[in-house]
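Here is the structure we will look at, set down as structure tokens.
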Amino acid sequence: MCAYHSFHEHLAEPGNRVVPSADHKDALGIPQPEIYYSINDYVKKSAANTHELYAQIAALFGGTEVSFDDSFAPNSHIMGTTIMGSDPADSVVDADCRTHNHSNLFIASSGVMPTAASVNCTLTIAALSLKLADKLKREI
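283 is the number of the first residue of the sequence shown in this note's numbering; add one for each residue after it.
Below, the structure written as structure tokens:
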């Protein structure tokens, strides 16, 4: 028996979002987050295609039984709650990680990524942080 695990890239999906709750507040009166998330057809088709490819590969090696777990596991990479973009109407920070509404506030984290990657984003966060550090050094 041989087990394979697959990762499927998720494209940005406007319906997937985190918003402040209009109805639920914490003990300090701060709105609690409401999380909206669904797996779209693009990802489901990617998984189905992967199943077919794995079955073909198994057959090449003499495999006679192939089974798949169709559940999607979380990737545990929290991203996208303060996304980067050029339009303040649908993003929080610009290309320099500067917030659109506060010129002296910067966010250099995985939150600026518009969608969750299927792999860890540590190097991208480090690159964004170094880019921001250079920018701030020039501005100061």
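The beta-carbon is built from N, C-alpha and C at its ideal position, and this holds for glycine as well.
Asked, Found
"Hey, would you say Gly367 sits closer than 8 angstroms to Thr397, going by beta carbons?", "no"
"For Val301, count neighbouring Cβ atoms within 10 angstroms of its own Cβ and tell me buried if that reaches 16, exposed if not.", "exposed"
"Would the beta-carbon of Asn322 fall within 8 angstroms of that of His359?", "no"
"Leaving aside the five residues before and after Glu295 along the sequence, list all residues of the same chain whose C-beta is less than 6 angstroms from its C-beta, in chain order.", "Asn322"
"Which of the three DSSP states, helix, strand or coil, is assigned to Val300?", "strand"
"Hey, Leu405 and Ala390: beta-carbon distance below 8 angstroms or not?", "no"
"Output the boundary residues of the beta strand (DSSP E) element that contains Glu316.", "313–318"
"Would you identify the three-state DSSP class for Thr381, choosing helix, strand or coil?", "strand"
"What would DSSP say about Val325, mapped onto helix, strand or coil?", "helix"
"Using DSSP with H/G/I as helix, E/B as strand and the rest coil, what is Asp305?", "strand"
"Beta carbon of His382, beta carbon of Val375: below 8 angstroms?", "yes"
"Hey, Asp372 and Lys417: beta-carbon distance below 8 angstroms or not?", "no"
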